[in-house]
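Please read the structure below before turning to the comments.
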């Protein structure tokens with residue numbers, strides 16, 4: 003396990019130091035929760051015109067449950083594993099760039115940003131595919147960029163991101179399937 007953590011730290015330092023002050027604003031925008039809220043609100047508004055109101059309201063409830071599960075599970079993992087964020091780790095702090103003004107919470111494993119982003123991306127991807135027959139990979143591109151931004155700004159290790167990605171994608175898919183079964187069966191689309 004120590005070898006994996008050492009590799010993860012080295013990969014973090016390498017990726018984090020690829021950053022350039024010229025691009026910091028871009029990565030800070032992507033990591034901003036308000037920016038992501040606006041993107042997914044726009045996606046919801048578009049769907050509002052495509053599905054019945056009862057199905058739309060249920061979708062919002064499912065999205066709230068999705069974020070609650072994804073976010074709080076990340077917090078449980080952080081408190082259980084107690085892996086320090088890179089910006090709180092004295093061993094590597096002097097070898098990294100911290101782009102944010104503050105480091106955030108104490109623990110990093112796993113990334114709630116990555117988990118929430120991929121949970122939303124997978125849910126919206128499958129909703130869009132089933133309702134308007136289009137595969138919108140932009141959701142996954144955005145989720146990938148948001149996730150990488152956490153390494154770029156110096157608050158998460160790559161393993162935090164990878165774990166958050168898998169957990170979020172799986173959670174989004176499961177909740178989509180439950181929502182789909184519940185509402186396709188009753189012809190609410």
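Residue numbers (our numbering): 3 to 191.
Cβ atoms here follow ideal geometry from the backbone N, Cα and C, with glycine treated the same way.
These numbers were taken from a predicted model, which means no experiment stands behind them.
- Beta-bridge partners of residue 109, as assigned by DSSP: In the chain shown, counting from the first residue as 1, residue 109 sits at position 107. Answer is 86.
- the region 8–17 touching the region 157–169, judged by at least three CB pairs closer than 8 Å: yes
- Nearest CA to the CA of residue 179: which residue from 17, 149, 111, 68? Within the chain shown, residue 179 is the residue found at index 177, counting from 1. Comparing Cα-Cα distances from residue 179 to each of 17, 149, 111, 68, the minimum goes to 68.
- Report, in whole angstroms, the separation of the C-beta atoms of residue 146 and residue 32, which I expect to be a contact under 8 Å. In the chain shown, counting from the first residue as 1, residue 146 sits at position 144. In the chain shown, counting from the first residue as 1, residue 32 sits at position 30. Their Cβ separation, rounded to whole angstroms, is 10 Å, which puts residue 146 and residue 32 out of contact at 8 Å.
- How is residue 153 classed by DSSP in three states: helix, strand or coil? Within the chain shown, the letter at position 151 stands for residue 153. Assigned with DSSP and collapsed to three states, residue 153 falls in helix.
- Item | Outcome for residue 28 when other beta-carbon atoms lying within 10 angstroms are tallied against a minimum of 16 | Counting from one through the chain shown, the residue named residue 28 turns up at place 26. It counts as exposed.
- Query: Is it buried or exposed for residue 109, if we count other Cβ within 10 angstroms and need 16 for buried?
  - Reply: In the chain shown, residue 109 corresponds to position 107, counting from 1. Residue 109 should be labelled buried.
- Excluding five sequence neighbours on each side, which residues of the same chain lie with their C-beta closer than 6 Å to the C-beta of residue 141? As a position in the chain shown, residue 141 is number 139, starting the count at 1. Correct list, in chain order: 123, 126, 127.
- Does the Cβ of residue 43 have 16 or more other Cβ atoms within 10 Å, making it buried, or fewer, making it exposed? As a working mapping, residue 43 is identified with position 41 in the chain shown. Exposed: under 16 other Cβ atoms inside 10 Å.
- Message: Please list the terminal residues of the continuous alpha helix (DSSP H) segment that includes residue 35.
- Response: Here residue 35 is taken as the residue at index 33 of the chain shown, counted from 1. From DSSP, the alpha helix (DSSP H) with residue 35 extends over 35–50.
- Message: Suppose you measure from the CA of residue 170 to the CA of residue 114; what does that come to, to the nearest Å?
- Response: Position 168 of the chain shown holds residue 170. Position 112 of the chain shown holds residue 114. Looking at the two C-alpha atoms, the distance is approximately 9 Å.
- Query: Distance, Cα to Cα, residue 96 vs residue 58?
  - Reply: For this step, residue 96 is matched to residue 94 along the chain shown. For this step, residue 58 is matched to residue 56 along the chain shown. Cα to Cα, the separation comes out at about 49 Å.
- Work out the CA separation of residue 102 and residue 30 for me, nearest whole Å. Mapped onto the chain shown, residue 30 falls at position 28. Mapped onto the chain shown, residue 102 falls at position 100. Straight-line Cα distance between these residues: approximately 8 Å.
- Just mark residue 50 as buried or exposed, buried being the case when its beta carbon has 16 or more other beta carbons within 10 Å. On the chain shown, residue 50 is found 48 positions in, with the first residue counted as 1. Exposed is the call here.
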